[in-house]
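In the UniProt record's numbering, the protein residues as written are 1 to 373.
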């Protein structure tokens with residue numbers, strides 16, 4: 001849900017984001033082995049960022065060159081924040097593998113892979129328990145909450161409240177967020193972080209269900225929005241409510257530096273919702289929308305004063321070293337433009353910093369899909 005987007009990340013925050021990302025990856029390597037780095041989870045970075053936001057001086061160190069960042073060195077986050085994020089990543093990976101084993105689909109459907117997948121899930125969970133103990137987090141209640149997801153899904157039917165299905169995810173995420181307040185040295189933020197975690201868990205669950213809705217229907221797979229009869233359109237107000245609850249909870253917390261939390265848990269979260277449900281600019285206050293309209297007008301004026309290029313189609317812009325073939329770019333930076341007539345070409349001297357599929361955030365064209373003013 002919180003995948004990076006170049007156009008939504010200010011230049012001064014890109015190294016900080018990469019520091020948390022690489023810090024999580026290296027923490028997984030140190031505590032669970034190299035293969036555990038495959039469980040690196042974008043959403044888990046929010047936990048590392050929350051811990052850092054409450055501290056005057058966050059722990060960090062210089063890491064050596066890595067192919068995923070163009071063989072450049074990087075200052076990476078260390079300490080309890082990345083450990084908490086690593087615990088969450090291992091738990092999520094373990095739960096996902098266990099679901100595949102029990103359902104007999106995806107990787108577990110291949111001959112001979114089911115037993116190996118089950119052993120890997122158990123190993124990841126054991127590593128998560130040990131890592132949680134090192135930071136004072138009792139992981140077993142989280143494991144029990146995640147395990148209760150299957151029972152909640154089996155008990156739901158037409159007319160069941162969708163919140164009954166998202167409750168296990170909300171509970172586990174709320175406890176992880178609340179522990180970030182303890183690790184950050186501000187236990188008074190635990191209540192606000194717990195509320196933010198519950199909203200975040202509900203948001204992630206609904207977004208995942210909405211993205212898979214059509215695919216699950218085609219395959220005949222179970223989907224909470226279909227099983228409860230809510231549907232994608234019925235989930236839209238719940239998602240926007242979760243966004244509002246997440247923002248309100250974070251605003252009520254005492255943070256020393258809320259910059260990164262605003263980037264991940266506000267800007268990136270809104271982009272994830274707009275990518276799935278359409279624009280969310282109507283959820284912003286009227287004053288912010290008026291200010292953003294003025295900002296778009298200034299950018300439109302600057303665009304009109306320069307040459308434009310037109311291509312027969314639009315595509316992701318190559319970035320990174322060796323002509324943009326960086327592995328990190330291929331995996332992550334795949335944003336597309338919403339209007340092909342504004343595409344300036346991958347090798348143009350005036351190429352854009354980044355582009356997005358929805359027309360409300362980074363493109364100057366008037367293609368906002370929500371119909372707001």
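For each residue, glycine too, the CB sits at the ideal point set by N, CA and C. Nothing here was measured: the structure is a model prediction, and the numbers come from that model.
Taking C-beta atoms as the reference points, residue 177 and residue 246 fail to come closer than 8 Å. Burial is judged here by how many other beta carbons sit within 10 angstroms of a residue's own beta carbon; residue 265 has at least 16 and is buried. Annotated three-state conformation of residue 75 is strand, per DSSP. Contact fails between the segment 136-155 and the segment 106-117, because fewer than three Cβ pairs, one in each stretch, are under 8 Å apart.
When 278, 55, 28 are compared, the shortest CA-CA separation from residue 186 is found for 55. Contact check between the segment 17-29 and the segment 151-159: fewer than three CB pairs, one atom from each, fall below 8 Å, which does not count as touching. Judged by DSSP in its simplified three-state form, residue 44 adopts coil rather than helix or strand. For the pair residue 52 and residue 243, the Cα-to-Cα distance works out to about 22 Å. Per DSSP, the beta-bridge partners of residue 63 are 74. Take the alpha-carbon of residue 214 and the one of residue 10: they are about 34 Å apart.
CA-to-CA, the gap between residue 90 and residue 127 works out to about 7 Å.
Annotation note: the segment 119-168 contains the following uninterrupted alpha helix (DSSP H) runs of length 4 or greater, listed N- to C-terminal: 140-155. Following the DSSP letters along the chain, one finds residue 231 inside the alpha helix (DSSP H) bounded by residues 231-251.
If the five residues before and after residue 15 are omitted, its C-beta is found closer than 8 Å to the C-beta atoms of 74, 75, all from its own chain and listed in chain order.
Residue 121 is positioned such that its CB atom lies no closer than 8 Å to that of residue 139. Nearest neighbour of residue 12 by Cα position, chosen from 36, 237, 260, 72, turns out to be 260. Here the alpha carbon of residue 4 sits roughly 14 Å from the alpha carbon of residue 68. Membership of residue 3 in any alpha helix (DSSP H) is not indicated, and neither H nor E is assigned to it by DSSP.
If you draw a 10 Å sphere on the C-beta of residue 169, you find 16 or more other C-beta atoms in it, and that means buried. Membership of residue 202 in the alpha helix (DSSP H) is indicated by the continuous run 190-211. A direct Cα-to-Cα measurement between residue 50 and residue 110 gives close to 39 Å. By the CB criterion at 8 Å, residue 31 and residue 93 fall outside the cutoff. Bounds of the alpha helix (DSSP H) holding residue 97 are 80-103. The DSSP-derived three-state label of residue 255 is coil.
Residue 57 carries a coil assignment under DSSP once its states are collapsed to helix, strand and coil. A check of alpha carbon separations from residue 88 across 203, 42, 98, 78 identifies 42 as the nearest. Ranked by Cα distance from residue 167, the options 227, 197, 220, 181 are led by 197.
One thing to note: residue 189 has its Cβ within 8 Å of the Cβ of residue 181. Across the set 257, 19, 114, the C-alpha of 19 shows the shortest separation from the C-alpha of residue 66. Beyond the five residues adjoining it in sequence on each side, residue 229 comes within less than 8 Å, by CB distance, of 158, 159 in the same chain, given in chain order.
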